[in-house]
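Visitor:
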Amino acid sequence: MYRALRRALFLIAPERIHTWVFAFLRAVTAALPLRRALARWLAPHDPVLASTVFGVRFAGPMGLAAGFDKDGRGLKTWGALGFGYAEVGTVTAQAQPGNPAPRMFRLPDDRALLNR
-7 MYRALRRALF
3 LIAPERIHTW
13 VFAFLRAVTA
23 ALPLRRALAR
33 WLAPHDPVLA
43 STVFGVRFAG
53 PMGLAAGFDK
63 DGRGLKTWGA
73 LGFGYAEVGT
83 VTAQAQPGNP
93 APRMFRLPDD
103 RALLNR
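Going by the working numbering, the sequence shown wraps up at 108, each residue one higher than the last.
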């Protein structure tokens, strides 16, 4: 099933897939009861996974990398999906235009996605 889904997704531009997946995840976690159910199932619950760094407690060691949620629109989503933390957006004195499209590139041999 994964191979078929992967093939189908690779037919679509990476940025479009990113937009669709992000919108889907936000929609799924918008309802508090569903978000709580997902958190019970996916969030780290074992205290051995928690850590405190500079006085900030993280529930789990896995975080969401910078670039996925550049505008901080999925803040309620990431914890419910099991992320202990998320690198969200950038704060600058003045608005920045960002990189020109395309900004995402697939590296199939490395099983990676480059986001600039």
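Cβ coordinates follow ideal geometry from the N, Cα and C atoms, glycine included.
Note that the structure is predicted; figures quoted are calculated from it, not measured.
In chain order, what residues of the same chain have a beta carbon less than 8 Å from the beta carbon of Leu105, not counting five sequence neighbours either side?
Guide: Pro6, Met96, Phe97, Arg98, Leu99, listed in sequence order.
Visitor: Check for me: the alpha helix (DSSP H) holding Ala72 runs from which residue to which?
Guide: 67 to 72
Visitor: Would DSSP call Thr44 helix, strand or coil?
Guide: strand
Visitor: Using a 10 Å radius around the Cβ and a threshold of 16 neighbouring Cβ atoms, would you call Gly64 buried or exposed?
Guide: exposed
Visitor: Could you give the C-beta distance for Gly41 and Gly55, rounded to a whole number, given that I count them as a contact under 8 Å?
Guide: According to the sequence provided, residue 41 is Leu. The question's Gly does not apply to it. The pair is not a contact, with the Cβ atoms about 12 Å apart (cut-off 8 Å).
Visitor: Curious, which full-length alpha helix (DSSP H) runs of at least 4 residues does the region -4 to 40 contain?
Guide: 6 to 20, 24 to 34
Visitor: In the DSSP assignment, find the beta strand (DSSP E) that holds Arg98 and state where it starts and stops.
Guide: 96 to 99
Visitor: Rank Leu(-3), His10, Phe2, Leu1 by C-alpha distance to the C-alpha of Lys62 and give the top, closest one.
Guide: When the alpha-carbon of Lys62 is set against those of Leu(-3), His10, Phe2, Leu1, the nearest one is in His10.
Visitor: Do the CB positions of Ala35 and Gly71 come within less than 8 Å of each other?
Guide: Cβ distance < 8 Å, so Ala35 and Gly71 count as in contact.
Visitor: Any idea which residues DSSP pairs Ala78 with across the strands?
Guide: Leu56
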